[in-house]
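Just so you know, the protein sequences line up as chains A, B, C, D and E, in that order.
In terms of this note's numbering, the first sequence opens at residue 59 and continues consecutively.
In terms of this note's numbering, the second sequence opens at residue 59 and continues consecutively.
In terms of this note's numbering, the third sequence opens at residue 59 and continues consecutively.
In terms of this note's numbering, the fourth sequence opens at residue 59 and continues consecutively.
In terms of this note's numbering, the fifth sequence opens at residue 59 and continues consecutively.
Written out below as structure tokens is the structure these notes cover.
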Amino acid sequence: MTFTSAVKAILSNYESDNPGTRANLARILTHGRLGGTGKLIILPVDQGFEHGPARSFAINPDAYDPHYHYQLAIDAGLNAYAAPLGALEAGAGTFAGQIPTILKINSSNSWASGINQAVTGSVEDALRLGCAAIGFTVYPAADDMFDMMEEIREMSAEAKSVGIPTVIWSYPRGGKLTKEGELALDVGAYAAHIAALMGAHIIKVKLPSAHIEQKEAKPMYGDGDWSTQGLRVAHVVKSCFNGRRIVVFSGGASKDIDAVYQDARDIRDGGGNGSIIGRNTFQRPRAEAMAMLDRLVSIYKGEE
Amino acid sequence: MTFTSAVKAILSNYESDNPGTRANLARILTHGRLGGTGKLIILPVDQGFEHGPARSFAINPDAYDPHYHYQLAIDAGLNAYAAPLGALEAGAGTFAGQIPTILKINSSNSWASGINQAVTGSVEDALRLGCAAIGFTVYPAADDMFDMMEEIREMSAEAKSVGIPTVIWSYPRGGKLTKEGELALDVGAYAAHIAALMGAHIIKVKLPSAHIEQKEAKPMYGDGDWSTQGLRVAHVVKSCFNGRRIVVFSGGASKDIDAVYQDARDIRDGGGNGSIIGRNTFQRPRAEAMAMLDRLVSIYKGEE
Amino acid sequence: MTFTSAVKAILSNYESDNPGTRANLARILTHGRLGGTGKLIILPVDQGFEHGPARSFAINPDAYDPHYHYQLAIDAGLNAYAAPLGALEAGAGTFAGQIPTILKINSSNSWASGINQAVTGSVEDALRLGCAAIGFTVYPAADDMFDMMEEIREMSAEAKSVGIPTVIWSYPRGGKLTKEGELALDVGAYAAHIAALMGAHIIKVKLPSAHIEQKEAKPMYGDGDWSTQGLRVAHVVKSCFNGRRIVVFSGGASKDIDAVYQDARDIRDGGGNGSIIGRNTFQRPRAEAMAMLDRLVSIYKGEE
Amino acid sequence: MTFTSAVKAILSNYESDNPGTRANLARILTHGRLGGTGKLIILPVDQGFEHGPARSFAINPDAYDPHYHYQLAIDAGLNAYAAPLGALEAGAGTFAGQIPTILKINSSNSWASGINQAVTGSVEDALRLGCAAIGFTVYPAADDMFDMMEEIREMSAEAKSVGIPTVIWSYPRGGKLTKEGELALDVGAYAAHIAALMGAHIIKVKLPSAHIEQKEAKPMYGDGDWSTQGLRVAHVVKSCFNGRRIVVFSGGASKDIDAVYQDARDIRDGGGNGSIIGRNTFQRPRAEAMAMLDRLVSIYKGEE
Amino acid sequence: MTFTSAVKAILSNYESDNPGTRANLARILTHGRLGGTGKLIILPVDQGFEHGPARSFAINPDAYDPHYHYQLAIDAGLNAYAAPLGALEAGAGTFAGQIPTILKINSSNSWASGINQAVTGSVEDALRLGCAAIGFTVYPAADDMFDMMEEIREMSAEAKSVGIPTVIWSYPRGGKLTKEGELALDVGAYAAHIAALMGAHIIKVKLPSAHIEQKEAKPMYGDGDWSTQGLRVAHVVKSCFNGRRIVVFSGGASKDIDAVYQDARDIRDGGGNGSIIGRNTFQRPRAEAMAMLDRLVSIYKGEE
């Protein structure tokens with residue numbers, strides 16, 4: 059039985075949501091090998107939209123097939139699988155009921171001239187495809203951020219009314235922000251906080267560096283200890299309503315596997331809720347990916 | 059019994075509103091330790107959106123938790139608590155019925171490239187969260203002011219039809235306005251008047267300086283006495299339909315506590331309806347904030 | 059009995075309107091001391107929006123109170139009172155049924171960076187406040203004029219369907235138009251004609267000068283006699299479907315009282331339907347304003 | 059009886075339209091002195107909007123009155139009368155049922171800064187005024203052409219669903235087009251073809267010159283004979299689905315009366331469906347206009 | 059019987075679509091001489107919109123008549139005929155039920171100043187005209203691509219809900235893309251993948267060259283063999299969900315007939331689903347076009 063006190067404690071933080079929305083959050087929290095632990099691993103596959111098919115899948119050609127990702131997430135016992143409309147449509151029938159899915163409802167691509175995304179899915183799509191949540195990217199700091207915020211406000215409100223939670227990918231980019239600033243601790247915590255204030259149920263941010271970007275914020279961080287990733291994760295979690303919202307961290311470009319494991323330990327130790335890990339998963343051979351995910355599950359279970 | 063003649067007199071000015079809207083105004087006017095006096099203290103917490111979490115809460119880390127602000131406003135006997143969507147959602151279940159809430163339905167942040175805000179909440183949100191009012195910022199003088207006015211016109215009309223009053227934060231900024239002009243008496247009175255003409259039930263402006271910004275307005279102010287803050291408050295109140303609308307004043311950045319008290323006395327003596335006071339409250343330790351609010355209540359009660 | 063043949067003749071020109079719309083026109087035409095004459099005096103008070111409260115009301119401080127204007131229009135026996143949303147809301151309950159009101163549904167202010175206005179009211183507002191008409195400003199020649207025209211087209215259609223007539227303030231400004239051209243005879247007649255073609259029931263323009271602005275129009279005016287204001291009024295009236303639409307003229311900035319009377323005589327003699335007169339009314343002491351309006355009534359009655 | 063085989067043949071080309079739309083086309087095709095011939099003369103009066111009242115009507119002052127045009131079109135036995143909203147509203151009651159009317163639902167004016175028009179009427183207006191069709195101008199080549207096309211797409215679809223046909227004024231202007239190109243044969247045929255592809259029932263274009271504007275199109279026209287107006291008309295008609303759509307031609311600025319007659323003969327001989335003739339009609343004294351229209355009817359009947 | 063296992067296998071890939079949508083896909087897959095083979099030839103005629111009537115049809119004047127194309131597609135036994143609104147309206151009655159039609163719902167023309175198209179049709183149009191699908195062009199890389207994607211997202215969702223599949227013409231153009239890049243293999247595969255992710259049922263792309271445009275993609279293509287068109291087609295097909303979506307290729311400008319045949323063989327050998335071939339068809343005399351289409355059918359049947 060995975061409806062544990064850890065799950066109940068998390069759900070109790072969503073005190074204003076209707077039972078349908080909380081039930082879908084519970085679907086994600088109780089599914090897979092981490093079901094019931096309050097920890098999560100989500101497989102996101104939107105890199106084909108962002109970078110094109112060859113850059114995403116040529117290294118592991120089985121991954122051209124949308125069924126590959128469904129099956130991988132199911133077999134690895136992950137909590138959820140997230141993808142854009144077409145990719146979910148291509149497997150939602152076959153895998154119905156086998157894993158919670160998250161419909162990514164906006165997407166960018168390599169040719170974007172502005173820092174924005176196109177809305178490519180809807181709450182109605184999420185309902186007809188049996189999804190447990192919608193996902194939406196905002197770019198705090200971008201010139202178009204207000205438009206993006208208004209888009210997700212509207213879609214999130216519609217989703218809440220029909221029992222669908224919202225995952226916000228909050229990725230600071232653009233405007234006056236420097237490249238280094240995109241990963242700064244103050245910026246990441248601020249981006250996570252904005253997502254929380256916009257009413258996100260699950261907040262997805264990048265693991266922050268120890269850099270502090272904003273001059274006005276420096277005094278607040280001056281005498282803190284931000285030297286370890288775990289402490290920085292803890293600050294982000296605190297910035298999400300003192301831990302009242304689920305926060306997951308993305309892994310970035312594919313990298314050394316030990317770094318992946320260390321990230322997970324830091325997320326766990328800092329009180330984060332888990333990983334959302336795409337390229338590091340499907341850009342490895344399946345067996346290798348399965349082994350990696352198995353160890354990540356162990357880490358989140360506190361077994362290593 | 060807090061449904062006093064002072065409250066009845068104020069409500070009678072809202073002669074075109076339906077009973078639902080007047081009842082929600084009455085909820086705010088009759089709640090807390092100032093209930094029935096016609097005076098108000100409102101706790102607003104949207105600085106996390108505007109300046110980020112660390113700049114807002116690091117000085118008093120308990121304030122990272124949305125429940126902290128609900129509890130503070132309740133324990134201090136304030137009239138209402140105002141915050142953006144996510145922050146209200148995080149406590150609306152726990153504190154339902156304990157204090158009137160105001161949903162702030164638009165917000166800006168530190169990266170805004172234009173002088174505008176994103177709409178981040180709705181009248182439906184206010185209804186499902188049991189709010190007593192919605193709050194909206196307009197920036198008279200900004201290039202986007204017409205768009206902002208049309209947004210609040212539409213949302214305010216919807217709110218009125220379902221019995222929800224509107225609070226307009228009328229903050230002149232942008233366009234041809236100088237920095238000094240943002241706090242000018244003529245500008246502040248004009249901004250308050252615009253809010254009244256747009257149909258606001260409660261008007262929130264900054265305490266004005268004695269500066270007169272607009273050349274064409276100078277003759278009108280030339281021979282008046284604007285040397286005291288109380289006289290300036292009185293002019294703003296007069297500009298709100300000769301006192302037929304509730305006007306509250308914001309305190310600005312946190313400052314010396316005696317200045318806070320003096321502001322309240324001036325607001326009271328000038329005929330203003332009260333204070334909306336955020337950073338000066340939650341950026342102090344709770345005990346200190348409670349003591350400060352206790353004295354503000356006394357001031358508005360005319361006890362000192 | 060004010061449902062005179064003059065009123066019937068005017069109403070018969072609105073041959074495509076439903077009975078509700080014609081009844082509201084009749085309310086205006088039959089009300090007050092000019093009721094039944096086919097002549098009109100309307101009190102408009104939107105200068106607080108346009109120029110701010112002090113510039114509008116400091117000279118006659120009683121005018122800060124929205125009730126002042128309602129009472130003045132009623133006591134002077136005018137045909138209607140026009141104001142923005144908030145100002146009508148502040149008195150619509152008290153004065154319900156005592157005077158026809160016109161809801162001004164768009165407004166500008168001193169900080170406008172473009173030549174446009176914000177929509178600040180709606181047909182639904184007009185209905186719930188018991189108004190007899192809506193009022194809308196268009197700026198023919200302005201870069202945004204097409205947007206303004208499309209706004210009033212939509213709102214006017216909605217209004218007609220629920221029996222509410224439309225008053226169009228047609229004020230040429232912006233674009234290639236010179237300052238002198240704003241008051242030119244050809245321009246004013248053109249602006250009035252555009253309002254008629256857009257389906258306005260009542261057309262409000264400024265009294266035109268003898269200047270001809272448009273090169274292409276000069277041959278058409280070359281051998282006409284435009285030396286007197288009455289002749290120019292007659293040309294504007296002719297441009298409004300040969301007199302099939304009600305045309306009223308605004309007085310401009312407050313000025314010498316004899317000039318006000320002369321304007322009224324010229325409007326009357328040129329076949330115009332009346333005056334819409336704001337600052338010249340409420341920027342004088344009440345007794346003086348009452349006396350002036352009394353004489354204007356006499357003039358429109360042809361008594362002097 | 060005017061429901062002739064010529065009319066039936068034309069109607070049979072509108073094979074996808076509902077009976078309501080075909081019935082309204084039939085109303086136009088069977089009305090007046092050309093009723094049943096498959097030929098049309100339409101009186102359009104929107105020059106007051108485009109050029110102002112004096113430039114349009116001062117030469118024949120009776121034309122200031124909207125009833126003048128209704129009566130002229132009726133007395134001359136024309137097929138239809140087209141005008142903007144206000145002008146139709148001013149006569150639709152008096153002349154109901156006496157002549158088919160076309161509501162021109164967009165209009166420009168002398169101050170337009172861009173090459174576009176404002177939408178000033180609606181399908182609902184057409185229905186309540188008893189119109190037989192709506193009319194809409196598009197400017198192929200203009201920077202805003204896509205917006206205009208999307209406007210008429212939406213309104214035309216609505217119109218078709220309630221049995222109202224669409225007349226498209228397809229006037230190439232703006233963008234990379236030269237002044238001479240606006241009347242070029244290739245451009246005019248292309249503009250007419252676009253109108254047909256957008257689903258217009260009646261296509262209104264200008265009589266084309268023999269100039270070929272587009273470099274890429276020149277080879278297609280190189281060895282054709284385009285020396286006579288009749289041949290050019292025939293090419294435009296062919297470009298409208300090989301004659302499956304009604305095409306009428308406008309006359310341009312008022313000109314020598316013999317040129318008007320010759321144009322009509324060329325339209326007739328080239329297989330065009332008729333003339334839409336405004337300024338050449340109402341800018342002459344009524345008797346002269348009546349005589350001219352009488353001869354045009356004779357020409358279209360093939361009597362001269 | 060054309061409801062073969064090949065058809066069933068294709069339909070099974072559309073596992074999330076409702077029966078209505080799959081039935082319409084089946085209509086296309088089972089119609090004509092290739093019915094049941096899983097291969098398709100579609101006749102598209104939107105060149106009149108894109109290039110004008112003379113450039114499209116003067117070479118074969120019978121093609122000015124919309125019936126010509128219907129009849130050609132029917133007589134040649136093609137799977138479907140695609141055209142803009144007006145062209146379908148002109149034949150949908152006569153040819154109802156004789157061939158599946160695809161309503162092309164957006165179109166550009168020779169004067170477009172931006173890289174975009176106007177929406178010129180709707181799902182409702184498709185339903186009333188009995189179409190089996192809608193078609194929509196997106197220009198990945200164009201500055202307006204997000205707007206185009208959002209348009210088709212909305213219309214495609216509406217279409218799916220009423221059982222209408224979507225064909226996306228995915229043509230990379232604009233932005234930072236070079237002219238050579240428009241046909242690059244990586245770019246074409248990416249464009250096809252984006253169409254798949256947006257939820258297209260049928261994807262239409264151009265036959266790609268061996269050029270690789272994107273620097274970041276080069277490593278992925280470095281050691282592959284892209285020397286033959288068949289291999290490149292196979293890569294595009296793989297990029298469409300590993301072959302789970304129907305992909306058809308366009309032929310471009312009219313060209314040597316042997317090149318047309320070779321293209322078809324390459325499409326077939328690379329696993330593509332067929333050709334969408336316009337100018338190469340209707341810009342030849344009918345007999346020649348019929349013979350060409352006959353041979354293309356043979357090629358797709360694997361008979362040569």
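For every residue, glycine included, the Cβ atom is placed at its ideal position computed from N, Cα and C.
Contact annotation, GLY193/B with ILE160/B: C-beta distance approximately 5 Å; criterion of less than 8 Å satisfied. When 9 Å is used as the limit between beta carbons, LEU255/E is near these residues of chain A: ASP104, GLY106, PHE107, ALA141, PRO142, LEU143, GLY144, ALA145, SER165 and THR178, in chain order. VAL65/B and GLY188/B have their C-alpha atoms spaced approximately 22 Å apart. ASP281/E has a beta carbon lying at 7 Å or more from every beta carbon in chain D. Of all residues in the segment 205 to 217 of chain A, those with a C-beta nearer than 7 Å to a C-beta of chain B are MET207, GLU208, ARG211 and ALA215, reading in chain order.
Comparing alpha carbon positions, the residue from ALA258/A, ASP244/A and LYS234/A closest to TRP227/A is ALA258/A.
With fewer than 16 other beta carbons inside 10 angstroms of its own, THR236/E counts as exposed.
Across the segment 184 to 197 of chain C, CB contacts with chain B closer than 8 Å involve ARG186 and LEU187, in sequence order along the chain. Counting along the chain, no alpha helix (DSSP H) covers TYR139/B; the unbroken beta strand (DSSP E) around it starts and ends at 138 to 141. Residue environment for LYS359/B: exposed (fewer than 16 other C-beta atoms within 10 angstroms of its C-beta). For a Cβ distance threshold of 8 Å, nothing in chain B lies close to TYR128/C: the least Cβ distance comes to about 11 Å. Residue pairing by DSSP places ILE222/E in no beta bridge whatsoever. Look at THR236/E here: in three-state DSSP terms it is coil, with no helix or strand label. Counting of Cβ neighbours within 10 angstroms places GLU147/C among the buried residues, the total reaching 16 or more.
Taken through DSSP and simplified to helix, strand or coil, THR152/B comes out as coil.
Here ALA131/D has LEU101, ALA138, TYR139 and ILE157 as same chain residues with Cβ atoms under 8 Å from its own Cβ, once five neighbours each way along the sequence are excluded.
For TRP169/C, the nearest beta carbon of chain B is closer than 7 Å to its own beta carbon. For LYS276/A, the closest Cβ of chain B is not nearer than 7 Å. The three-state reading of DSSP puts GLY94/A in coil, since its state is none of H, G, I, E or B. By the neighbour-count criterion, in which a residue is buried when 16 or more other Cβ atoms sit within 10 angstroms of its Cβ, PHE153/E is buried. Secondary structure of ASN164/B (DSSP, three-state): strand. As far as DSSP is concerned, ILE117/B takes part in no beta bridge. Residue environment for PHE61/A: exposed (fewer than 16 other C-beta atoms within 10 angstroms of its C-beta). LEU69/E and VAL306/E do not touch by the CB rule: their CB atoms are close to 16 Å apart, not below 8 Å.
Among the CB atoms of chain A, none fall inside 7 Å of the CB of TYR229/B.
Beta-bridge pairing by DSSP links PHE204/E to no other residue. In the three-state scheme derived from DSSP, where H, G and I count as helix and E and B as strand, THR60/C is classed as coil. The shortest CA-to-CA distance from ALA275/C to any of LEU243/C, PHE299/C, GLN287/C and ASN174/C is the one to LEU243/C. Excluding sequence positions up to five before and after ALA150/B, its CB lies within less than 6 Å of the CB of LEU187, all in the same chain and listed in chain order. Sequence-ordered contacts of the segment 239 to 255 of chain C with chain D read ASP244, ALA247, TYR248, HIS251, ILE252, ALA254 and LEU255 [C-beta pairs closer than 7 Å]. As the crow flies, the alpha-carbon of TRP284/A is around 28 Å from that of MET203/A. TYR122/A and ASN174/A have their C-alpha atoms spaced approximately 26 Å apart.
The beta-carbon separation of GLY221/A and THR95/A, rounded to 24 Å, does not stay under the 8 Å limit for a contact.
Residue ALA292/C holds the alpha-carbon nearest to the alpha-carbon of PRO266/C among LYS234/C, ALA292/C, ASN71/C and ALA67/C.
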